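Enquirer: First the structure, which I've put down as C-alpha cells, then a few questions once you've had a look.
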Amino acid sequence: MALISRFDPWRSSLCTCPPKLTFNPYTGCDHSCVYCYASSYIPRFFECRPKSDLLRRLQREAATLKGETVSIANSSDPYPRIEAEALLTRVCLAILAQSNCRIQIITKSTLVTRDIDLLGKAPSTVALTITTDDGDVARLLEPNAPAPAERLKTVETLIAKGIPVSVRVDPIIPLVNDKPERLIGTLASIGVKHVTASTYKIKPDNWQRFSAAMPQVAEKLKPLYFEQGEKKGGYTLLHANLRLKLLSNIRRLATANDMKFGVCREGLTQLNTAACDGSWLLAAKQR
3 MALISRFDPW
13 RSSLCTCPPK
23 LTFNPYTGCD
33 HSCVYCYASS
43 YIPRFFECRP
53 KSDLLRRLQR
63 EAATLKGETV
73 SIANSSDPYP
83 RIEAEALLTR
93 VCLAILAQSN
103 CRIQIITKST
113 LVTRDIDLLG
123 KAPSTVALTI
133 TTDDGDVARL
143 LEPNAPAPAE
153 RLKTVETLIA
163 KGIPVSVRVD
173 PIIPLVNDKP
183 ERLIGTLASI
193 GVKHVTASTY
203 KIKPDNWQRF
213 SAAMPQVAEK
223 LKPLYFEQGE
233 KKGGYTLLHA
243 NLRLKLLSNI
253 RRLATANDMK
263 FGVCREGLTQ
273 LNTAACDGSW
283 LLAAKQR
C-alpha cells in the first residue's frame with residue numbers, strides 16, 4: 003500500500019479541495035481530541051505509531067513526484083508528542099524538500115516551527131488548527147494538544163519567517179465556539195491570510211467522548227443533531243440551514259478582516275472565496 007496517495011479517494015460530495023496528494027508519517031494521533039472522526043475508522047487511533055518502513059518507502063515514492071501538492075497529514079497530526087524525539091516527520095520533510103512537490107502541513111502542534119528551515123527549501127504552507135482561543139474550552143476538547151495561546155505564537159513565528167499560514171477554526175460547535183469574533187480579529191492582526199472552518203460532524207465514538215467532556219452542552223445539542231439534523235456520508239450533521247448560518251458568519255468575519263475563507267467538507271462551495279484548504283497560498287508564495 004502506497005504512503006503517498008490521492009486525497010479523498012472516495013470523492014466525497016462534501017469535499018471541495020483542489021486535487022492533491024496526502025501522506026501520513028504516523029498512524030493514529032495522541033492529541034486525543036474529543037471531536038476527532040478519524041478514530042471511527044482507524045483502529046487504536048489514539049495509540050500513535052510510525053508507519054512501517056517509513057523512510058525507505060518515502061524515498062522511493064517521493065522520487066516519482068511531478069510537482070503535486072502533498073498534504074501532511076489528513077488522518078493524523080504529523081507532529082504528535084513522540085515526534086520531538088523520533089524526528090520522523092523532520093526526515094520526511096527533508097526527503098520531500100528534495101523532490102518535485104509542494105508541501106502543505108496540517109497540524110495543531112507548536113513543534114512545526116522546528117522545521118522552518120526545511121519548509122523554506124520547497125514551496126510550503128502550514129494550516130494550523132485553532133478551534134478556540136479559550137484555553138479552558140480547548141483543554142476539554144483537545145486535552146493533549148498545545149494551548150491556543152501557544153499555537154497563536156506559532157502562527158506569528160511562521161509568518162515572520164516567511165511561511166504562509168492558514169488557520170483552521172474547526173470544528174465549529176454550537177454553544178461552544180460558534181462566536182469566534184475575537185479569534186478572527188487576532189488572526190488578522192498577526193498576518194493570517196486565510197481561514198478555513200467546518201462544523202462538528204458526529205460519529206458514535208466522538209459523540210460519546212464529547213458527551214463525557216461537556217455533558218451539559220451535549221444535552222442541548224441533541225435536538226439540533228438527532229432531531230433537526232441530517233445524515234450525510236456516514237455522519238450526523240447539523241441541518242444545512244444552520245450550518246450555512248454558522249459558516250456564513252465566519253466568512254463575514256474573515257472577509258471583513260481582508261482574509262480569504264473556505265469551508266471544509268460541508269458542500270457549501272458558494273461560501274469559498276479561495277481554494278478551501280488554503281493551498282492557494284502556495285502559488286501566492288511563489289510569485
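The sequence shown begins at 3 in the numbering used here and counts up one residue at a time.
C-beta atoms are modelled at their ideal positions from N, C-alpha and C, and glycine is treated no differently.
From a predicted model like this one, the values you see are computed outputs, not experimental measurements.
Please classify F228: is it buried, with 16 or more other beta-carbons within 10 angstroms of its beta-carbon, or exposed?
Expert: Under this definition F228 is an exposed residue.
Enquirer: Would the beta-carbon of L121 fall within 8 Å of that of I165?
Expert: Yes, Cβ-Cβ distance for L121 and I165 is below 8 Å.
Enquirer: Check whether the Cβ atoms of S1 and R267 lie closer than 8 Å to each other.
Expert: Residue 1 cannot be examined here, being either before or after the span of the chain that is shown, 3 to 289.
Enquirer: Have a look at N259, G264, A277 and D260 and flag the residue whose alpha-carbon is nearest the alpha-carbon of S250.
Expert: Selected option, being the one with the closest Cα: G264.
Enquirer: Taking R254 as the reference, which of T156, K181 and N243 has the closest Cα?
Expert: Ranking the options by Cα distance to R254, first place goes to K181.
Enquirer: In angstroms with no decimal places, state the Cα-to-Cα distance between R289 and V167.
Expert: Low local confidence applies: a pLDDT of 46 at R289 is under 50, so the model's placement there is unreliable, with the coordinate-based value given in what follows. Approximately 16 Å, taken between the alpha carbons.
Enquirer: Could you give the distance in angstroms between the alpha-carbon of P125 and the alpha-carbon of L57?
Expert: About 21 Å.
Enquirer: Thinking just about the alpha-carbon of each residue, which of I204, Y202, P150 and K205 is nearest to the one in I186?
Expert: The residue with the shortest Cα to Cα distance from I186 is P150.
Enquirer: If you measure between the beta carbons of G280 and T156, is that distance less than 8 Å?
Expert: Not in contact: G280 and T156 (Cβ atoms no closer than 8 Å).
Enquirer: For the alpha helix (DSSP H) containing T257, name the first residue and the last one.
Expert: Run containing T257: A242 to A258, per the alpha helix (DSSP H) assignment.
Enquirer: Give the DSSP bridge partners of P52, in chain order.
Expert: Beta-bridge pairing links P52 to Y28.
Enquirer: Cutting at 7 Å between CB atoms, please list the residues of its own chain near G30, excluding the five before and the five after it.
Expert: If we look at G30 and ignore the five residues flanking it on each side, its Cβ neighbours are I44, R46, F47, F48, E49, C50, R51 and S78.
Enquirer: Just mark Q106 as buried or exposed, buried being the case when its beta carbon has 16 or more other beta carbons within 10 Å.
Expert: The residue is buried, with at least 16 neighbouring Cβ atoms inside 10 Å.
Enquirer: When the Cα atoms are used, what is the spatial distance from V194 to K123?
Expert: Roughly 21 Å separates the two Cα atoms.
Enquirer: Jot down the residue ranges of each uninterrupted beta strand (DSSP E) in the region 115–199, minimum 3 residues, whole runs only, in chain order.
Expert: DSSP runs (the beta strand (DSSP E)) wholly in the region 115–199: 126–131 and 167–174.
Enquirer: Would you list the one or two residues that DSSP bridges to E232?
Expert: In the DSSP output, where bridge partners are listed per residue, E232 has L239.
Enquirer: Give a yes or no on contact between the region 94–104 and the region 129–145, applying the rule of three or more CB pairs nearer than 8 Å.
Expert: Too few Cβ pairs lie closer than 8 Å, so no.
Enquirer: Our contact map puts P148 next to K203 with C-beta atoms below 8 Å; I'd like the distance itself, whole angstroms only.
Expert: Incorrect: roughly 24 Å between the Cβ atoms, too far for contact.
Enquirer: Just tell me which of T115, T201 and V72 has its CA closest to the CA of Y237.
Expert: When only C-alpha atoms are compared, the closest one is T201.
Enquirer: Leaving out five residues before and five after N26 in sequence, what residues of the same chain have Cβ atoms less than 6 Å from its Cβ?
Expert: Counting only Cβ-Cβ distances below 6 Å, and skipping sequence neighbours, we find A75, S77 and S78.
Enquirer: Just reading off the beta strand (DSSP E) that E70 is part of, what are its end residues?
Expert: From DSSP, the beta strand (DSSP E) with E70 extends over E70 to I74.
Enquirer: Since K53 and Y81 are thought to touch, with beta carbons under 8 Å apart, how far apart are those beta carbons, to the nearest angstrom?
Expert: Between Y81 and K53 the Cβ distance is about 15 Å, and since that is not below 8 Å, they are no contact.
Enquirer: Helix, strand or coil, according to DSSP, for T112 in the structure here?
Expert: T112: helix per DSSP, three-state reduction.
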